[in-house]
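First the structure, in the form of structure tokens, and then the observations on it.
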Amino acid sequence: MTDRLKKILLGEQGLVVIFVVAFALVSLLVPNFLTDRNMLGLLQSVVTVGIVACTMMFCLAARDFDLSVGSIVAFAGMVAVMASNTTGSILLGLIAAVACGAVVGWVNGVVIAKFRINALITTLATMQIVRGMALISSDGRAVGINSPDFYQLALSKLLGIPTPIWVLAVLFAIFGFVLNSTVFGKNTLAIGGNPEASRLAGVNVDRTRIWIFTLQGVVCGIAGILLASRITSGQPNAAVGLELSVISACVLGGVSLAGGRATMSGVIVGVLIMGIAENAMNLLNIPAFYQYIVRGVILLLAVLLDNLRSSALGRR
Amino acid sequence: MTDRLKKILLGEQGLVVIFVVAFALVSLLVPNFLTDRNMLGLLQSVVTVGIVACTMMFCLAARDFDLSVGSIVAFAGMVAVMASNTTGSILLGLIAAVACGAVVGWVNGVVIAKFRINALITTLATMQIVRGMALISSDGRAVGINSPDFYQLALSKLLGIPTPIWVLAVLFAIFGFVLNSTVFGKNTLAIGGNPEASRLAGVNVDRTRIWIFTLQGVVCGIAGILLASRITSGQPNAAVGLELSVISACVLGGVSLAGGRATMSGVIVGVLIMGIAENAMNLLNIPAFYQYIVRGVILLLAVLLDNLRSSALGRR
Amino acid sequence: ASAYAQDTKIGFVVKQPEEPWFQDEWKFADQAAKEKGFTLVKIGAEDGEKLMSAIDNLGAQGAQGFVVCTPDVKLGPGIVAKAAANNLKLMTVDDRLVGADGKPLEDVPHMGISATKIGEAVGQAIVDEMKARGWKMDEVGAIRVSYDQLPTAVDRVEGAISVLKASGFKAGNIFDAPQAKTDTEAALNAATVVLNAHADIKKWIAFGLNDEAVLGAVRASESVGIPADGMIGVGIGGAESAINEFKKPAATGFVGTVIISPKRHGYETALNMYDWIANNKEPAKLTLTAGALAKRDDYQKVRKDLGIE
Amino acid sequence: MSFLEFSSITKTYPGVKALSDVSFGVEKGAVHGLMGENGAGKSTLIKILSGDQHADAGEISIDGEVQAYASTRNAFDNGVIVIHQELQLVPELTVAENLSLGRFPASGGIIARRRMLDDVGAKLKSAGIEIDMRRKVKTLSIGERQMVEIAKAVMLDARVIALDEPTSSLSSRESEILFALIDRLRGEGKVILYVSHRLDEVFRLCDSLTVLRDGKLAAHHQSLKDVTRDQVVAEMVGREISDIWGFRPRKAGDVRLKVDGLSGAKLRMPASFEARAGEIVGFFGLIGAGRSELMRLVFGADPRSGGTITVDGEAVAAPSPHDAIRAGIVLCSEDRKHDGIIQGRSIEENINISSRRHHTHFGVLNRASEIATAETFIKKLKVRTPSRKQDIVNLSGGNQQKVILGRWLSEQGIRVLIVDEPTRGIDVGAKSEIYELLYQLAGDGMAIVVVSSELPEVMGICDRILVMCGGRISAELARDQFAEKAILAAALPDKKTPDAIAS
Ligand SMILES: Nc1ncnc2c1ncn2[C@@H]1O[C@H](COP(=O)(O)OP(=O)(O)OP(=O)(O)O)[C@@H](O)[C@H]1O
Ligand SMILES: Nc1ncnc2c1ncn2[C@@H]1O[C@H](COP(=O)(O)OP(=O)(O)OP(=O)(O)O)[C@@H](O)[C@H]1O
Ligand SMILES: [Mg+2]
Ligand SMILES: [Mg+2]
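Protein chains in written order, with the numbering used here: chain A, 200 to 515; chain B, 200 to 515; chain C, 383 to 691; chain D, 309 to 811.
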């Protein structure tokens, strides 16, 4: 019995088990937590982080780093709103936003892979450049959405669940599949695990990295659109600091910054832990300053638990 | 002739040469740049980043990461002000601030080295916790300095040069020496190069890492004191985002995020490049939104130039 | 307080929970909650996304209404829709919501003061002080500590500039000092550059987004050796960092600050919301408050008049 | 014109002429040996063949076609497979995934897992390699990893296969599997380039041989019929070496190292043994026998769960290498890349990292003595490098190994020296000098433990041999009892007969 328990706790999916236990505890202890409305609100609050985490996982798994995601999300949101306002067609706006995201991501990828410039510096640079473009394009002010249909993206529901949550779920499924079952996913892990070996094995390392960043851009574009629709405007100051939330969700979910290790289930858990922490703190009415401390402690505890688990398992 | 030029440009100190050339160009092209007053202003503006970069260099060289520096600077500043207000002794205030910095750094180090928790997550957690403490301790408000002598720390001058600049210069000298000429410095670089091999070579890896973080805390304490003295109050919101500026100054100065590579001269150049860019942009009256773009482009250019240089040299 | 009050839950959502200003608003709202016996839920929402989550969160907790200071006024339609979806009554404070067309959403009750008005008060205070000191406008330089990323900041400094210009200040003597961040150190660094670039100008005035920004400019003037009587800085906010200046033994270039009353904004809005929920008494659509200039010699009185302290 | 033809290959690294004007050819269906001292340019030649590096001048042709590769991908599209000297595996991926990397069977980008496993399984089986292909590579021992690396040779239908020191971390059993595999490939008409420092292997396997020296062609033998070993050694080293072991009997003193009932997570049974002052004790065993694990426990590299260690009668707490070194025990590890070299740092720093504590004042380095130490060992061990400031990753494999040895030999006050596979990848000339050094140190009273998978080596230099098998010490033999059969019998798990391997 204890052996079986141990096995479950220490197995591959141990983080998931920890999460389930934590979730049960929070549900019991925090009033109003386990209600339909709150669950939907919670899920909606992690949409942006969750969507971007899908590709950030690839980025980190390949030993790269992307700080520009927040700026791209904001910029893509601006583009979506401005393009649909100008052309009168929401579809064109969406396409423009995703395309802009893809272009920025592609530029990141090319600079990093081809010119061999450190990913941290490159994306720190594009983070500023893109933020600058978002500010310039709107003169620093938010741009309102003309067509109310645009709001419907975020407000509409399918089977009682808002569209953004569906989008998130679909992206989780897609990228989980891509990571585990496609050549692209395995190559990504291989590049992160041992770049030299991958190169010698004939993996087109440069191309894979460029693709990763381009995908990251596309996904940020999607996140930007949903965000703009949710907040009914394009805001040049949106999503500041998003990169840190996303990266910590990934790391919390067991993605190694040293590359080569990532699972989609881990990342989902990481994203949810962060979301639940925020949600529960607000439900419990914890004062703003103490929220900082609680947030830090939860981060530490989550990683510590996971570490204890894996070291009990004899891994390092 | 061209051969000699090549040798200088491509040599170990190539980054310094590039910097000198860039400096000369800025001096020629930007009016009011090369005046005594502006030079002193420029140097004072990089004091915080420069001081913290000294130890961040060690941290990165040992393949670690510290995101908590901004919070520690703010917290230490608060402590310095509050402690000297309470005790009436500035000296006690300074000691308390440095001690607090050291304790936070030590905690970082112990958690990272002993409990083997990812440095990014640990310092992200302490970053929040410490910021929370700074906010709580003062109820989110700035705390004024009672004794005017405290201001003198930042205002006093020696040989016409303000004290903070002297402090910066002394720290540059000390840490440059520590990096190159002490066992501690060499061990740091070795740990960054290959932690496991260093451990097996008898380096006390855990202790070295704990020391690095503790020093980082001490140095943040010093930076916090000077900052509080400069702005004549302890502000819980000070130095937000400092970590990114410091890390990029280091990386710009050739410190490798993969560990094992760092030079003090490089870091100094990195810090100065960032300072000069800000300074020149303001002198040239570049509008705020465009400053984002210029800042990004300068970052990219600086790293690109350095990369071209080293690849021309046949290094990778 | 009735039994009904116990079930009343009101949200108070602000954009910058760390700022003393919002801390004060919360404090006074708490006071109202204590008096009337309802529950106040305080949430910080730094951007649009967090705000939307916060509203959902309030809905989930069973709140009946909330007061909000939005991170961006253009969020208007989104906030209104979200509040309706969660069946929450909505009132705004400080910043007034606008629609996609940029016009204020007049249906949403609002209490506040326009950013431009505050700016104008700053400009007027500076002009008065220059006159009192007998300065000639031509030989004075102005530091515009700017943070253009924030629309409110632009409105505030532009308000100040409009008054200056109207009083005959030379537009060419106004120099931009863009802050990279909104803290004092960034303002200090930016202002230093301006001062050094125009070393020939001996008399300076400074204004900006808040007290911290102006303080940065004042510190910069001290570090380059401009005496206190060569500097006129007027801030906005009137919180501790400004009061500290007045408490210093010697007068500094930080001459005054335009204080807005967090008491009215916090206490009254919470109370109005309670009345709306409990007694179905809808608040006025628009309540405008005024800022008051506080200086070294009268700041205590001004604060008392505004109900702070 | 031969099937595989190198003509006038030249390659220069900053400060090093790695290859100059090297030309030779290899016929189809032949195994061609490539020998030379450390740093002679063997790996460089192989890297050029694989498209990893580009020659400054000269060309390679296969079947009359000049090959111009932009990348390693082109090379194996042209039927060239290279097994590199350093292991090139991805630890987080499984064996099957590693073997399919770069050419996953897939439709529309989705990996056909079934097909991949069938494919890899069949290839491994036909090559006689027994490794669970679903295991992640990070769970394999060095030897097992080397076998995975070798398995790459059969994964593709290659025309040319180059193996760079494939046996350096294999014991005799695995080596046999490899040799059988090479014989089969030869029978299929492939061209095989075989780099090794082990003369026995070369003479056993190769049909023809090229010797490089200082980047130049020193000798080319179309056939090995009339060539003697001494002759090849002379061509490589430039001088005759009559007896590379050069064993000298010594007098053993008191017991220095005493290990009693030592146990740890990876060791199956508690182990006890001792080593005397002036004695060289050999540890022999097959891959996975647990020798490296035992030594890591003695050194405190892994946590110990029980047992005691004493040096000269004093108990060593040894919870860490740091303390072990201060108690006089050092270990030169078998995994040079992971546990030995410090990437990105100079030769000088790699040598001095441990011994520098003897000449620092309050933590401040003594530059002069560091330079002197580095220069001494570069000279003593004949490290081939333009300067002591060279980054260690730019050295050839054998030269890296010498630097790591230098790190430990430069230590002072060492009472117990443990070397795990010390001569892995080291050329014959340097080997005999390293043995000479070991004798000297033993003569000075040090207790030396040599772990080696090379039977001739342990038999050649040790006073006493301990054999390990399946995580325990299975036999102990004094020098006058040394016999190949007896040692192998003790090394093998019961069911297999020693004769099958010894032959
Ligand atoms: N990237 C590099 N940069 C500089 N020098 C290099 C580099 N790679 C190899 N060298 C040098 O080229 C020479 C040939 O190296 P190579 O690896 O081919 O030797 P090798 O014959 O394989 O030796 P070993 O038997 O030790 O493996 C050596 O002197 C080595 O130091
Ligand atoms: N990283 C690892 N994870 C799990 N088991 C391991 C690991 N490394 C080694 N082992 C196991 O430990 C045992 C002994 O290891 P090892 O192969 O290093 O012994 P050895 O006698 O030194 O052989 P050699 O050094 O020749 O490979 C083997 O059963 C091996 O499978
Ligand atoms: Mg080699
Ligand atoms: Mg071994």
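Idealized CB from N, CA, C, for every residue including glycine.
query = Does the Cβ of residue 669(D) have 16 or more other Cβ atoms within 10 Å, making it buried, or fewer, making it exposed?
reply = exposed
message = Could you check if residue 361(D) belongs to the surroundings of ligand 3, using beta carbon to heavy atom distance under 7 Å?
response = no
query = What is the rounded straight-line gap between the Cα of residue 261(B) and the Cα of residue 318(B)?
reply = 11 Å
request  = Output, in sequence order along the chain, the residues in the segment 443-457 of chain A whose CB is closer than 7 Å to any CB in chain D.
outcome  = none
query = Would you say residue 343(A) touches ligand 1, meaning its beta carbon is less than 7 Å from a heavy atom?
reply = no
inquiry  = Using a 10 Å radius around the Cβ and a threshold of 16 neighbouring Cβ atoms, would you call residue 353(B) buried or exposed?
reply    = buried
inquiry  = Is there a Cβ of chain B sitting closer than 8 Å to that of residue 385(C), yes or no?
reply    = Note that residue 385(C) scores a pLDDT of 46, beneath 50, so its modelled location is shaky; the value from the coordinates is reported in the next line. So no, residue 385(C) is outside the interface.
key: Residues from the segment 631-658 of chain C in contact with chain B, defined by Cβ distance under 8 Å   = 631 and 632
message = With H, G and I counted as helix, E and B as strand and the rest as coil, what does DSSP make of residue 375(D)?
response = strand
message = Would you say residue 439(A) lies against chain C (beta-carbon separation less than 8 Å)?
response = yes
key: Where residue 487(B) meets chain F, residues with beta-carbon distance less than 9 Å   = Among the chains of the structure shown, chain F does not appear; the protein chains present are A, B, C and D.
query = Can you name, in chain order, every residue of its own chain whose Cβ lies under 8 Å from the Cβ of residue 431(D), other than the five neighbours on each side?
reply = 407, 459, 462 and 463
ask   = Taking buried to mean at least 16 other C-beta atoms within 10 Å of its own C-beta, is residue 550(C) buried or exposed?
value = exposed
request  = Answer yes or no: does any C-beta atom of chain C fall closer than 8 Å to that of residue 236(A)?
outcome  = yes
key: Any non-hydrogen atom of ligand 3 within 7 Å of residue 739(D) CB   = no
ask   = Name the chain C residues whose beta carbon is nearer than 8 Å to that of residue 429(B)?
value = 567, 570, 601 and 605
inquiry  = Using 8 Å for Cβ pairs, my map puts residue 484(A) next to residue 395(C). What's the rounded Cβ distance?
reply    = Actually they are not in contact, since the Cβ atoms of residue 484(A) and residue 395(C) sit about 13 Å apart, beyond 8 Å.
ask   = Does the beta carbon of residue 695(D) fall short of 7 Å from some heavy atom of ligand 1?
value = no
Interface residues of the segment 396-409 of chain C facing chain B [CB-CB below 9 Å] = 399, 400, 401, 402, 404 and 405
Supposed contact pair residue 276(A) and residue 433(A) - C-beta distance, whole angstroms, cut 8 Å = 5 Å
ask   = Is the CB of residue 469(C) under 8 Å away from at least one CB in chain A?
value = no
key: Any 3 or more C-beta pairs closer than 8 Å across the segment 562-578 of chain C and the segment 501-518 of chain C   = no
task = Give the DSSP-derived three-state secondary structure of residue 432(A) in the structure shown.
result = strand
query = Quick one, which residues of the segment 612-625 of chain C are near chain B if we go by CB-CB under 7 Å, in chain order?
reply = 621, 622 and 623
ask   = Which two residues bound the contiguous alpha helix (DSSP H) that contains residue 259(B)?
value = 246-260
request  = Return no unless some Cβ of chain B is closer than 8 Å to the Cβ of residue 653(D).
outcome  = yes
request  = Using a threshold of 8 Å, state whether the C-beta atoms of residue 399(C) and residue 426(C) are closer than that.
outcome  = yes
key: When 597(C), 440(C) and 484(C) are compared against residue 480(A), the one with the closest alpha-carbon   = 440(C)
query = Contact check, residue 333(B) vs residue 486(B) under 8 Å by CB: the rounded distance?
reply = That pair is no contact at about 33 Å.
task = Return yes when the Cβ of residue 456(A) is within less than 8 Å of the Cβ of residue 259(A), no when it is not.
result = yes
ask   = Hey, is residue 672(D)'s beta-carbon within less than 8 Å of any beta-carbon in chain B?
value = yes
query = Any heavy atom of ligand 5 closer than 7 Å to the CB of residue 709(D)?
reply = Ligands displayed in this structure: ligand 1, ligand 2, ligand 3 and ligand 4; ligand 5 is not among them.
message = If contacts are defined as beta-carbon pairs under 8 Å, then residue 412(D) and residue 382(A) qualify, I think. What distance do you get, rounded to the angstrom?
response = 5 Å
request  = Could you tell me which of 452(C), 663(C), 659(C) and 643(C) sits nearest to residue 402(C), measuring between CA atoms?
outcome  = 643(C)
inquiry  = Using only Cβ atoms and a threshold of 5 Å, which residues come within that distance of a heavy atom of ligand 1? Order them by chain position.
reply    = 321(D), 324(D), 326(D), 346(D), 347(D), 348(D), 349(D), 350(D), 351(D), 352(D), 692(D), 702(D), 703(D), 704(D), 705(D) and 706(D)
ask   = Where do the N-terminal and C-terminal ends of the alpha helix (DSSP H) with residue 266(A) fall, by residue?
value = From DSSP, residue 266(A) is part of no alpha helix (DSSP H); its letter is neither H nor E.
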